[in-house]
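Enquirer: Pasting a structure below so you can have a look.
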Amino acid sequence: MSPAHAASPVSSGDEVSSEAVGRGHGYASPTASPAGHGHGHRHAHAASPADGEPSAPGVGPVLGWLDGRPLPRADLDRRLAALRGGPRSSALPEPGSAEDRQLTRWVAQVMLTELLCEAEAAERGLDTGGGAPPVRLDQRAAVELGSITAAAFEGSGAVRAVYAAVTADVTVPGEQAAAYAAATARPPAEPEWRLSTADGDFDAAPGTLPARLAAALAETEPGQTVTVDGLTVTLLGTREPGNPPEPGDRLLDAARRLAFVRWLDHARAHRLRLVPGLEHPGDPAQPDNHHRH
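Residue numbering for the sequence shown follows full-length UniProt numbering, starting at 1 and increasing by one per position.
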């Protein structure tokens, strides 16, 4: 994934970013591959059955049903057309292929997640940020959320607002944080010397240098030069190691993501009805799910 994240290729707008081709199978959201529904994904899909009517009077073909209300499929078709017309369209699957149908399912699930969160945000009276630009999740967050939720989170202010509201009260017990810190503790880092040689300046811990050179530098004051075994080095100064970051924030972020995924799974199961052809791409009951390990 490029660090230059302009907009999710499946985000609410029609703009297709340069991230449309990313990791995995060669076409992706900025976060993961739709074809295999992301190799940073959870396998406990608990996929909802696709038992919704595929069309509705006055609406026509539907994307799905939210709280009993049909959602027009036209927006999905527009988003897919934007992908097809984008700068990385050559990396997308062949139209009509199984992978193309999986891409359609994946984009549909991203959109359903966005629409569900838009409805939830409206019910809660949340500020969704208006036209706020997309955000960029790091790899860990994307893996923990799963590719569909991660893409929706990156591209939709409503998803981010609901995430913040749903997870506002999540905490990490002190004993859990202490146990994690103990399990991941590392020996204290060595101070580093700032050194200068004919080839340039660099930082080095004493233990990474030849033993005789390190011993000589240990007896040297900043600004002095030593020559050992043909190496001429000037000690410019000493830099003390920084304190390692506390694990609390990382644990809290992970706990919030887990809580949101659980909330979203429950909301999807109770508020959304999927339609044939737009099932979850990981649903083992749909014919194009060939994801294997």
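Just so it is clear, CB atoms sit at the ideal spot from N, CA and C, and this is done for glycine as well.
A quick note: this is a predicted structure, and the numbers were derived from the prediction, not measured.
Secondary structure at G36, three-state DSSP: helix, strand or coil?
Expert: Along the sequence shown, one-based indexing puts residue 36 at 36. Low per-residue confidence applies at G36: pLDDT is 42, beneath 50, and the placement is therefore not dependable, though the value from the model is reported in the following sentence. Reduced to three states, the DSSP call for G36 is coil.
Enquirer: Could you work out which residue in Y180, L213 and P191 is closest to L251 when comparing CA atoms only?
Expert: Translated into the one-based positions of the sequence shown, residue 251 becomes position 251. Among Y180, L213 and P191, the Cα nearest to that of L251 belongs to Y180.
Enquirer: Mind reading off the beta-carbon distance from A165 to T128? Whole number of angstroms is fine, and I expect it under 8 Å.
Expert: Here residue 165 corresponds to residue number 165 of the sequence shown, with the count starting at 1. Here residue 128 corresponds to residue number 128 of the sequence shown, with the count starting at 1. Contact doesn't hold; Cβ gap of about 11 Å is too wide.
Enquirer: On a CA-only basis, which of G282, P210, L116 and E175 is nearest D67? Give me that one, please.
Expert: Locating residue 67 in the sequence shown gives position 67, where the first residue counts as 1. Taking only the C-alpha atoms, the option nearest D67 is L116.
Enquirer: Skipping 5 residues on each side, what residues in its chain have a beta carbon closer than 8 Å to that of L272?
Expert: The residue you call residue 272 lines up with position 272 of the sequence shown. Cβ within range, chain order: S48, G64, W65, L66, L112 and L116.
Enquirer: Starting from G64, follow the beta strand (DSSP E) in both directions and report where the run begins and ends.
Expert: Along the sequence shown, read from residue 1 onward, the residue named residue 64 stands at position 64. Taken as a continuous stretch (DSSP letters only), the beta strand (DSSP E) holding G64 covers G60 to L66.
Enquirer: Evaluate D283 with the Cβ neighbour count: other Cβ atoms within 10 Å of its Cβ, from every protein chain shown; 16 or more gives buried, anything less gives exposed.
Expert: By one-based count along the sequence shown, residue 283 stands at place 283. Burial call: buried.
Enquirer: From the DSSP output, read off the bridge partner residues of W193.
Expert: Sequence index remark: in the sequence shown, residue 193 carries index 193 (1-based). Partner(s): A204 and T238.
Enquirer: For A119 and P287, I'd like the C-alpha separation in whole angstroms.
Expert: In the sequence shown, residue 119 corresponds to position 119, counting from 1. In the sequence shown, residue 287 corresponds to position 287, counting from 1. Those two C-alpha atoms are separated by around 31 Å.
Enquirer: Output the distance between the C-alpha atoms of G96 and T104, rounded to the nearest integer angstrom.
Expert: Here residue 96 refers to the residue found at position 96 of the sequence shown. Here residue 104 refers to the residue found at position 104 of the sequence shown. Between G96 and T104, the C-alpha separation is close to 10 Å.
Enquirer: My output table needs one value for V172: the three-state DSSP class, helix, strand or coil.
Expert: On the sequence shown, residue 172 is found 172 positions in, with the first residue counted as 1. Reduced to three states, the DSSP call for V172 is coil.
Enquirer: Does DSSP classify H275 as helix, strand or coil?
Expert: Here the question's residue 275 lines up with position 275 in the sequence shown. Looking at the sequence shown, residue 275 is not His but Val. Of the three classes helix, strand and coil, the one that applies to V275 here is coil, per DSSP.
Enquirer: To which residues does DSSP link V226 through a beta bridge?
Expert: Position 226 of the sequence shown, counted from the start, is the residue given in the question as residue 226. Paired residues: V233.
Enquirer: I think L278 touches A50, with their Cβ atoms under 8 Å apart; what is that distance to the nearest whole Å?
Expert: Here residue 278 refers to the residue found at position 278 when the sequence shown is read from its first residue. Here residue 50 refers to the residue found at position 50 when the sequence shown is read from its first residue. Sure, about 7 Å apart at Cβ, within 8 Å.
Enquirer: Measuring CB to CB, does T171 end up less than 8 Å from P247?
Expert: Taking the sequence shown and counting its residues from 1, one reaches residue 171 at position 171. Taking the sequence shown and counting its residues from 1, one reaches residue 247 at position 247. Not in contact: T171 and P247 (Cβ atoms no closer than 8 Å).
Enquirer: I need the straight-line Cα distance from A44 to R239, nearest angstrom please.
Expert: In the sequence shown, residue 44 corresponds to position 44, counting from 1. In the sequence shown, residue 239 corresponds to position 239, counting from 1. Summary for A44: the model assigns pLDDT 46, below 50, so the residue's position carries little reliability, and this model does not support an answer.
Enquirer: Looking only at its own chain, which residues have a Cβ that is under 7 Å from the Cβ of P191, when we skip the five neighbours before and after it?
Expert: By 1-based counting over the sequence shown, the position of residue 191 is 191. Cβ neighbours of P191 beyond the five flanking positions: T238, R239, E240 and P241.
Enquirer: Out of L145, R194 and E154, point me to the one whose CA is closest to A254's CA.
Expert: Within the sequence shown, residue 254 is the residue found at index 254, counting from 1. The shortest Cα separation from A254 among L145, R194 and E154 belongs to L145.
Enquirer: Could you check whether G155 and P134 sit closer than 8 Å to each other, using their CB atoms as the reference points?
Expert: Indexing the sequence shown from 1 puts residue 134 at position 134. Indexing the sequence shown from 1 puts residue 155 at position 155. Yes; because the gap between Cβ atoms is below 8 Å, this pair is in contact.
Enquirer: By alpha-carbon positions, which one of G157, P210, T197 and T220 ends up nearest to E114?
Expert: Within the sequence shown, residue 114 is the residue found at index 114, counting from 1. For E114, the nearest C-alpha among the options comes from G157.
Enquirer: From what residue to what residue does the alpha helix (DSSP H) around R79 run?
Expert: As a working note, residue 79 is residue 79 in the sequence shown. Element bounds for R79: A74 to R84.
Enquirer: With a threshold of 16 other CB atoms inside 10 Å of the CB of L274, please say whether the residue is buried or exposed.
Expert: Working through the sequence shown from its first residue, we reach residue 274 at position 274. The residue in question, L274, is buried, as its Cβ has 16 or more Cβ neighbours within 10 Å.
Enquirer: Looking at P222 and L213, is the spacing between their C-beta atoms short of 8 Å?
Expert: Counting from one through the sequence shown, the residue named residue 213 turns up at place 213. Counting from one through the sequence shown, the residue named residue 222 turns up at place 222. The answer is no: Cβ separation not under 8 Å.
Enquirer: Nearest to A132 by alpha carbon, out of S147, Q139, F153 and E53?
Expert: To locate residue 132, count along the sequence shown from 1; it is residue 132. It is F153 whose Cα lies nearest to the Cα of A132.
Enquirer: How would you write the range of the alpha helix (DSSP H) that S48 sits in, first residue to last?
Expert: Here the question's residue 48 lines up with position 48 in the sequence shown. S48 -> no alpha helix (DSSP H), and no H or E assigned at all.
Enquirer: Please determine, among V159, P54, D100 and V110, the residue with the shortest C-alpha to C-alpha distance to A122.
Expert: Numbered from 1 along the sequence shown, position 122 holds the residue referred to as residue 122. Closest option to A122, Cα to Cα, is V159.
Enquirer: Apply the 10 Å Cβ neighbour rule to A216 and answer buried if 16 or more other Cβ atoms are within range, or exposed otherwise.
Expert: Residue numbering aside, residue 216 sits at position 216 when the sequence shown is read from its first letter. By the 10 Å Cβ count, A216 comes out buried.
Enquirer: In this structure, does DSSP put A198 in helix, strand or coil?
Expert: In the sequence shown, residue 198 corresponds to position 198, counting from 1. The answer is coil: DSSP assigns A198 none of H, G, I, E or B.
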